[in-house]
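Asker: Have a look at this one before I ask anything.
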Amino acid sequence: MKSGSGMDDREYLPLSWLSQANYCLRRAALLMNECVWEENAETAKGRAEHENVHTRRVERRGTQLKLYEYTVFSDALGLVGKCDCIEAVRSEQGCVIPAANFPVQLYPIEYKHGSVREELSYQIQLCAQAMCLEEMFHTNISNGALFYISAHRRFEVLFTNELRRIVEKTAEELRSIRDAFCIPAAEYGPKCKKCSLKEYCMPKVKLTAQKYCEILAQEAKEVELQ
Ligand code: SF4
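In this text, residue positions in the sequence shown follow this note's numbering: the first is 483, and each later residue adds one.
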């Protein structure tokens, strides 16, 4: 099956890796090279159709539906992933989806752990899901939400043009490191302290000996103050 884009032989990358790429492109590259990921348009679409038919959970309340664990993909972005939840509410300006026999407006929701915070990488992931849904169902989605489970709070996210451009740029960066199979050089920074790959990555190695010593001294000082 060939799509209009003619990109069916292309490997589809996991949408969730956009968050990793936004956090650190080197981290995303290290993860990609450690994992075996082979998903092209055929398998992505086949899997989406299969999973959405067989494992999708749909809750209905009148003209409102909630679709859980819904597989989405985009030819334009070359991504495949899952929406934790999509709210679908009856709207004459909405789109047609297989689960409803009336037009609906879609509203994706991504569940998150931890404290409520404005995290760009989360917003990128959510916006990418919306862009997949727009492409799949020929519709427009202006906003969605991050739902922080412990705090039981929603954080509304607007899918602005700026956020959409960041999604496209991040997807392109992810694609380029995948295609070139390269690992970008490490850039040591505050993000590295919490990075689970830091032992493997060794981000300080490329620093000069003097800079390395300065960082060690600074970290020792921070430990003393704790
Ligand atoms: S340790 Fe730092 S540079 Fe290395 S992968 Fe993690 S965040 Fe990126």
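Every residue gets a Cβ at the ideal spot worked out from N, C-alpha and C, and that includes glycine. Note that this is a predicted model, so its numbers are computed, not measured.
Sort out for me which residues DSSP pairs GLY563 with in a bridge.
Answerer: On the sequence shown, residue 563 is found 81 positions in, with the first residue counted as 1. According to DSSP, GLY563 bridges with VAL554.
Asker: In its own chain, which residues sit with a C-beta less than 6 angstroms from the C-beta of ILE659, not counting the 5 before and 5 after it?
Answerer: On the sequence shown, residue 659 is found 177 positions in, with the first residue counted as 1. Excluding residues within five positions, the ones whose Cβ falls inside 6 angstroms are ALA511.
Asker: DSSP three-state label for CYS677, please.
Answerer: The count along the sequence shown starts at 1 and reaches residue 677 at position 195. Of the three classes helix, strand and coil, the one that applies to CYS677 here is coil, per DSSP.
Asker: Measure from the alpha carbon of ALA558 to the alpha carbon of each residue in CYS614, SER498, PHE584, CYS567, then state which is nearest.
Answerer: The residue labelled residue 558 in the question sits at position 76 within the sequence shown. Selection CYS614, SER498, PHE584, CYS567 evaluated against ALA558 yields CYS614 as nearest (Cα-Cα).
Asker: Report all residues from its chain with a CB closer than 8 angstroms to the CB of GLY596; omit the five preceding and five following residues, and keep chain order.
Answerer: Looking up residue 596 in the sequence shown gives position 114. The answer, listed in chain order, is TYR630, SER632.
Asker: Measuring alpha carbon to alpha carbon, tell me which of ALA662, GLU681, LEU656 ends up nearest GLY560.
Answerer: The count along the sequence shown starts at 1 and reaches residue 560 at position 78. Of ALA662, GLU681, LEU656, the residue nearest in Cα terms is LEU656.
Asker: How about GLN611 and PRO590: are their beta carbons less than 8 angstroms apart?
Answerer: Sequence index remark: in the sequence shown, residue 611 carries index 129 (1-based). Sequence index remark: in the sequence shown, residue 590 carries index 108 (1-based). Yes, the pair counts as a contact, with Cβ atoms nearer than the cut-off.
Asker: Under 5 angstroms, CB to any heavy atom of the ligand SF4. Which residues pass, going along the chain?
Answerer: CYS506, ARG508, ARG509, ALA668, LYS673, CYS674, CYS677, LEU679, LYS680, CYS683, PRO685
Asker: I'd like the span of the beta strand (DSSP E) that includes PHE637, first residue to last.
Answerer: Stepping through the sequence shown from its first residue, residue 637 is reached at position 155. 635-640 is the extent of the beta strand (DSSP E) around PHE637.
Asker: How about LEU513 and VAL649: do their beta carbons lie closer than 8 angstroms?
Answerer: Taking the first residue of the sequence shown as 1, we reach residue 513 at position 31. Taking the first residue of the sequence shown as 1, we reach residue 649 at position 167. Going by C-beta atoms, LEU513 is not nearer than 8 angstroms to VAL649.
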